[in-house]
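Below: one structure, written as structure tokens.
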Amino acid sequence: MNPEHLSIPAGRIPIEATCWSVPGAAATVVLHPATAVTQTYYEPFAAWMAGQGFNVVTYDYRGIGRSRPHSLRGMRVTMSDWMDKDVAIATRWAEARFPGLPLLALGHSVGGHAIGLSPETARLRAAVLVASHAGASRTVRGFGERLRVRFMLRVLAPVLCALFGYMPGRRFGLGEDLPRGVMLQWASWTALPRYFFDDPKVDAARRMARVTIPLLVLGFDDDPWANPQAVDMLVSHLAGARIERRNIDPRAAGVPALGHMGFFRRRCEPVLWKQVANWLHVHAQQAEVARHAGG
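Numbering (the UniProt record's numbering), first residue to last: 1 to 295.
And the structure:
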């Protein structure tokens, strides 16, 4: 199955996306990526999901991957822009591209935050949050990792952003380079006790309280960032949603490790990918039944 590479209009810098279209698809899944991760990382999972009967849409936030302009210097975009604008644009595009089908989403890390915050979540019938958490640095497990994160985000990032005009993440093991506004806003949230819930400009608690769809929330026992305490902090603000929470031991999933990024590796197909596909199929079917019943 050959995916289609396309550009979604989003002002001066378009959002570059990839679409797997499946004849007779049960539903459409929009995949919202993590910070500093390109959509190519998710391609094996997206292609596999298409093989399970879903249309799948992946994309890069503006400033990342194929959505990166020639230079990040002077690019005006924040993490809030990603969650408020890019996610909305991708969601509306997917709904328009595949009208009449149940619309689902999967968010990885910050992509899960976006599902909680975006008003476009009202268009969804269900969603999966993978390693999504309130990323306050105080909750990071392990003294050494917590110290590394704090030094990177609170000390190094502001200096590097001032010197380069963006965050050169590739040089410092942070994944992709990041626009200055994204990096500095993210860093500021990690210093707050309750992450962006303590930023009045985000208004996160009120916005997340609006979510009422079914959510499958996946956390992994060996993830130092999205550990149970950090996931609890996020999920506690989704009280209106119908949440199924799964904390997964890598050994029970048949893999040696998962961490923050491991779910999307091919070795997770036999257990974890199948569990997610089955869960989404159930909710796609329920959406179709409700639609035919007039609900």
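Glycine included, each C-beta is placed from N, C-alpha and C at the ideal position.
- A contact is defined here as three or more CB-CB pairs under 8 Å, and the region 28-42 meets this definition with respect to the region 58-72.
- One Cα belongs to M79, the other to L178, and the distance between them is close to 10 Å.
- In the three-state scheme derived from DSSP, where H, G and I count as helix and E and B as strand, E4 is classed as strand.
- Membership of H237 in any alpha helix (DSSP H) is not indicated, and neither H nor E is assigned to it by DSSP.
- Spatial neighbours of S21 in its own chain (CB-CB distance under 6 Å, excluding positions within 5 residues in sequence) are listed in chain order as N55.
- Assigned with DSSP and collapsed to three states, A257 falls in coil, not helix or strand.
- Three or more beta-carbon pairs separated by less than 8 Å are not found between the region 110-121 and the region 142-150, which leaves the two stretches without contact.
- In this chain, the alpha helix (DSSP H) harbouring H113 covers 110-117.
- For N247, the beta-bridge partners assigned by DSSP are G219.
- Spatial neighbours of H237 in its own chain (CB-CB distance under 6 Å, excluding positions within 5 residues in sequence) are listed in chain order as A205, M208.
- When Cβ pairs closer than 8 Å are counted between the two stretches, the region 236-250 is seen not to touch the region 2-18, the count staying below three.
- Secondary structure note for F45: its alpha helix (DSSP H) is the uninterrupted segment 43-51.
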